[in-house]
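Structure record follows, encoded as structure tokens.
Residue numbers (this note's numbering): 127 to 242.
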């Protein structure tokens with residue numbers, strides 16, 4: 127898995143805006159180079175609804191993503207991935223084979239809550 131990255135200051139961490147949201151739509155993304163889904167995620171009234179391309183097909187079926195809570199970086203610039211403009215980066219960890227396991231929260235928190 128590799129070594130830890132070099133140390134950063136707390137100010138660097140504060141610049142990364144990680145929020146919790148709820149997946150409200152998940153659709154196939156057959157045009158993607160690597161297997162992926164198109165996700166529509168509600169981050170609450172301050173951030174709003176954003177779109178993302180997520181390579182999570184190994185562990186998640188489309189229907190089980192609806193209503194799922196996800197953590198995402200919301201302050202990266204949008205990235206064009208084929209025909210999709212990905213507005214946020216969903217976060218996860220690799221399993222032993224490199225498949226993405228999404229980050230989840232174990233208590234109810236409102237959409238748009240910021241990680242600190």
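No residue lacks a Cβ here, since even glycine has one placed at the ideal position from N, Cα and C.
query	result
Inter-residue CB distance, residue 197 and residue 146 (contact presumed, cutoff 8 Å)	6 Å
Range of the contiguous beta strand (DSSP E) that encloses residue 168	163-168
Beta-carbon contacts of residue 175 that lie in its chain and below 8 Å, excluding the five residues immediately before and after	150, 166, 167, 168, 169
Where residue 180 falls, given that 16 or more other Cβ within 10 Å makes a residue buried	buried
Closest Cα partner of residue 240 within the set 140, 130, 129	140
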